[in-house]
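Written out below as structure tokens is the structure these notes cover.
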Ligand SMILES: Nc1ncnc2c1ncn2[C@@H]1O[C@H](COP(=O)(O)OP(=O)(O)OP(=O)(O)O)[C@@H](O)[C@H]1O
Ligand SMILES: [Mg+2]
């Protein structure tokens, strides 16, 4: 759509490039950071150092990027479809419902294949989010903060149900792993599901314009011939898949889906086709940076990436709430 | 041709539209007027299927709206709602560009770009094309929404109070643009107007709704009488001819 405005085309092409360079720098940092002394070039050599990279550091780096990118994308989808800047899988009960679904599979069908477990967990996340949306559709649109507040209470209730069930069945440690995202346990062979999460985020790109139009509101979307319901279902499915993949592999990382889309929206607006790639790259970069900080700050001990992101994210978010949006043109 | 047959609509128990039947011929501008709460916006919402029909039938040419897929309907008619509130941070150019969405579903061609550019030029938006719509004045935002409907380039155009927030320059300009669309591009335009003199000056036909019923449907010059206007708005209004055009003196 930039067709007639060449100058802007150049500046908007700059953003993904700058972000991608930052991301690459972080990747290099992540590969060389850790107890054993290896350099990124060892990746191409044989021997113990190369193994550490392939088995542990590279998977961990990829896992943080995939998690950050897809959670940020899930956040953008939710914010666009719900037309509220404060929703994301962690403020709408989506994460808690995915965990409850996983818990159910552990108890009811412990022998089921991974794929079936994922399907049940995603379905629970989808249903839980749909119920939440039906609940908040009655809230007054003049009070946007009521939506995430309701969501946090709603998520809290679902979370307590999970904890109660887990406590009764001696499965509490699972809940804590699912709800607290961190990457220290990521090894080759134990993170690959996140590629599916990344694929779901990629699928969102093909719906980008549909999401943007749905974000104009139901009436405007209908006026433009959009099948609003179908787009809602597609969007929520993507969000549910991303959430349950993340919960199972590395655990829920709150704030990513909230902070990243808001930063991009400030500077680049809400045209999803343009912003989705930026959101994904920034999400990956920020989560990787958080993980890296967590690994360095009390070296050789680790602070979970989720904790670091929570601290940084809250700061950034407060700044966003109170600073004026960037003007364009 | 728009055919509205025996349309009745209730919100809960209260009747909003009572057995409305209207035929609007192809081409030309029809002004839809009437007091606040008469049911004008409700009728529009039914026509564009933003509200479900409860009884009766509405069709555009041979196209019965109940049997038409959404996308086909969006290529047949564009609607500007009275209270459109878009909260997204979208640039003016992108927003107008989404008027082409029914045609390209996300894959814009150079034809789409040309139509968007034309809409930006017609409504004097080219200078602010890169601004986000949440940083515009009320009138500028209104022009963006009108331009979006214009870019949708449909045979039928339903505009609910498009003159909202527009200064007299842009208001007259918009009416001239509508005239041009009707006269030179064969469009059929139905427009809700509160300032009766815009209808008097630019519309071919006037339809008046009152209390959910059709209170008048006639050629503009026939409609513009003290009796008709006073009856519809429950106030006495003088009508005077100025340069051969009948004008209502309702301000004093
Ligand atoms: N959601 C709703 N629930 C109940 N009543 C409604 C609703 N929307 C509109 N109404 C009522 O329907 C009637 C017609 O409303 P409508 O918006 O069609 O009027 P209008 O002719 O467009 O008025 P205006 O000139 O003020 O825009 C009004 O009496 C209004 O109070
Ligand atoms: Mg109205």
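Residue numbers (our numbering), protein chains in the order written: chain S, 773 to 1101; chain V, -9 to 242.
Where a beta carbon is used, it is the ideal one built from N, C-alpha and C, also for glycine.
Item checked: Presumed contact (8 Å Cβ cut-off) between residue 119 of chain V and residue 81 of chain V, rounded CB distance -> Between residue 119 of chain V and residue 81 of chain V a beta carbon distance of about 7 Å is seen, short of the 8 Å cut, so the two are scored as contacting.
Notebook entry, point to check: When we look at the beta-carbon of residue 955 of chain S and count the other beta-carbons within 10 Å, is it buried (16 or more) or exposed?
Noted result: By the neighbour-count rule (16 or more Cβ atoms within 10 Å), residue 955 of chain S is buried.
Next item on the list: State whether the stretch 1016 to 1036 of chain S contacts the stretch 1075 to 1093 of chain S, with contact taken as three or more CB pairs (one from each stretch) at a distance under 8 Å.
Entry: Contact between the stretch 1016 to 1036 of chain S and the stretch 1075 to 1093 of chain S is present, because at least three Cβ pairs lie under 8 Å.
Check: By how many angstroms is the C-alpha of residue 70 of chain V removed from the C-alpha of residue 1017 of chain S?
Finding: Their backbone Cα atoms lie some 42 Å apart in a straight line.
Notebook entry, point to check: Can you list, in chain order, every residue whose CB sits closer than 5 Å to a heavy atom of ligand 1?
Noted result: Taking every residue with its beta carbon within less than 5 Å of a heavy atom belonging to ligand 1 gives, in chain order, V:1, V:6, V:26, V:27, V:28, V:29, V:30, V:31 and V:32.
Next item on the list: Give the C-beta separation of residue 960 of chain S and residue 831 of chain S to the nearest angstrom, bearing in mind that I take them to be a contact with Cβ-Cβ under 8 Å.
Entry: That belief holds up - the Cβ atoms of residue 960 of chain S and residue 831 of chain S are roughly 5 Å apart, short of 8 Å.
Next item on the list: Return the Cβ separation of residue 198 of chain V and residue 23 of chain V in integer angstroms, given the expectation that the two are a contact with Cβ distance under 8 Å.
Entry: About 5 Å separates the CB atoms of residue 198 of chain V and residue 23 of chain V; that is less than 8 Å, so the two are in contact.
Item checked: chain S contacts from the stretch 63 to 85 of chain V (Cβ-Cβ distance under 8 Å) -> From the stretch 63 to 85 of chain V, only 63, 64, 65, 68, 69, 71, 74, 75, 76, 77, 78, 79, 80, 81, 83 and 84 have a Cβ closer than 8 Å to chain S.
Next item on the list: Grab me the residues of residue 872 of chain S's own chain with a C-beta within less than 7 Å of its C-beta, minus the 5 sequence neighbours each way, in chain order.
Entry: 896, 930, 933 and 934.
Note to self: I'd like the ranges of any alpha helix (DSSP H) spanning at least 4 consecutive residues and lying wholly in the stretch 949 to 992 of chain S.
What the structure shows: Taking only runs of at least 4 residues, the alpha helix (DSSP H) segments lying wholly in the stretch 949 to 992 of chain S are 965 to 978 and 980 to 986.
Margin query: Using C-beta distances below 6 Å, list every residue in its chain close to residue 876 of chain S, excluding the 5 sequence neighbours before and after it, in chain order.
Written below: Counting only Cβ-Cβ distances below 6 Å, and skipping sequence neighbours, we find nothing.
Next item on the list: Can you grab the Cα-Cα spacing for the pair residue 244 of chain V / residue 991 of chain S, in whole Å?
Entry: The question about residue 244 of chain V has no answer, for chain V in this structure spans -9 to 242.
Margin query: Quick check: what's the CA-CA separation for residue 152 of chain V versus residue 188 of chain V?
Written below: Rounded to whole angstroms, residue 152 of chain V to residue 188 of chain V spans 12 Å at the Cα level.
Check: Under a three-way DSSP split, which group does residue 121 of chain V fall into?
Finding: Three-state result, residue 121 of chain V: coil.
Checklist line | Sequence-distant residues of the same chain with beta carbon closer than 7 Å to residue 776 of chain S, five excluded per side | finding: Low confidence applies to residue 776 of chain S: its pLDDT is 43, below 50, so where it sits in the model is not reliable, and the reading given next is rough at best. Answer for residue 776 of chain S: no residue qualifies.
Item checked: Stretch pair the stretch 1049 to 1064 of chain S + the stretch 843 to 856 of chain S: three plus CB contacts closer than 8 Å -> The stretch 1049 to 1064 of chain S vs the stretch 843 to 856 of chain S: in contact.
Next item on the list: Enumerate, from N- to C-terminal direction, the unbroken beta strand (DSSP E) stretches of 3 or more residues contained entirely within the stretch 35 to 120 of chain V.
Entry: Complete beta strand (DSSP E) runs here, min 3: 45 to 50 and 67 to 70.
Item checked: For residue 209 of chain V: DSSP bridge partner residues -> Beta-bridge pairing links residue 209 of chain V to V:195.
Checklist line | Nearest to residue 50 of chain V (by Cα), restricted to the options V:179, V:162 and V:164 | finding: When only C-alpha atoms are compared, the closest one is V:179.
Check: So is residue 778 of chain S in contact with chain V if we call contact Cβ pairs under 7 Å?
Finding: Reliability of the predicted coordinates at residue 778 of chain S is poor, the pLDDT of 39 falling under 50, and the value obtained from them is presented with this limitation in mind. At a cut-off of 7 Å, the C-beta of residue 778 of chain S has no neighbouring C-beta in chain V.
Checklist line | Boundaries (first-last residue) of the alpha helix (DSSP H) holding residue 1106 of chain S | finding: The requested residue 1106 of chain S is not part of the displayed model; chain S covers only 773 to 1101.
Checklist line | 7 Å Cβ cutoff, residue 910 of chain S in contact with chain V | finding: No, residue 910 of chain S does not count as interfacial toward chain V.
Next item on the list: Mark residue 1090 of chain S as exposed unless 16 or more other C-beta atoms lie within 10 angstroms of its C-beta, in which case mark it buried.
Entry: Residue 1090 of chain S is exposed by the Cβ-count criterion.
Next item on the list: Could you spell out where the alpha helix (DSSP H) holding residue 170 of chain V opens and where it closes?
Entry: Per DSSP, residue 170 of chain V belongs to the alpha helix (DSSP H) from 158 to 175.
Note to self: What does DSSP give as the partner residue(s) for residue 1017 of chain S in the beta ladder?
What the structure shows: Listed as beta-bridge partners of residue 1017 of chain S by DSSP are no residues whatsoever.
Item checked: Nearest to residue 204 of chain V (by Cα), restricted to the options V:193, V:215 and V:221 -> Of V:193, V:215 and V:221, the residue nearest in Cα terms is V:221.
Note to self: Please return the same chain residues whose Cβ sits closer than 7 Å to the Cβ of residue 898 of chain S, not counting the five positions on each side in sequence.
What the structure shows: The residues are 1008, 1009 and 1012.
Next item on the list: Check whether the Cβ of residue 1088 of chain S lies closer than 7 Å to any Cβ atom in chain V.
Entry: For residue 1088 of chain S, no Cβ of chain V is located within less than 7 Å of the residue's own Cβ.
Notebook entry, point to check: Using a C-beta to C-beta distance shorter than 9 Å, which residues of chain V count as neighbours of residue 1001 of chain S?
Noted result: Residues of chain V passing the Cβ test: none, with the nearest at roughly 10 Å.
Margin query: Does chain S have any CB closer than 7 Å to the CB of residue 61 of chain V?
Written below: Interface residue (Cβ-Cβ distance to chain S less than 7 Å): residue 61 of chain V is classified as such.
Check: Using the beta-carbon of each residue, which ones in chain S are nearer than 9 Å to residue 40 of chain V?
Finding: Neighbours of residue 40 of chain V on chain S, chain order: 990, 991, 994 and 995.
Next item on the list: Would you verify that the beta carbon of residue 96 of chain V is, or is not, closer than 7 Å to some beta carbon of chain S?
Entry: Closer than 7 Å: yes.
Next item on the list: Would you identify the three-state DSSP class for residue 774 of chain S, choosing helix, strand or coil?
Entry: Note that residue 774 of chain S scores 40 on pLDDT, short of 50, meaning its location in the model is unreliable; the coordinates nonetheless yield the value given after this. It is coil, neither helix nor strand.
Check: Since residue 803 of chain S and residue 852 of chain S are thought to touch, with beta carbons under 8 Å apart, how far apart are those beta carbons, to the nearest angstrom?
Finding: Incorrect: roughly 34 Å between the Cβ atoms, too far for contact.
Next item on the list: Taking only beta carbons into account, state which residues of the stretch 1022 to 1038 of chain S come closer than 9 Å to chain V, listed in chain order.
Entry: Against chain V - using a Cβ distance shorter than 9 Å - the residues of the stretch 1022 to 1038 of chain S are 1037 and 1038.
Check: What three-state label does DSSP hand residue 227 of chain V in the structure shown?
Finding: Residue 227 of chain V falls in the coil class under three-state DSSP.
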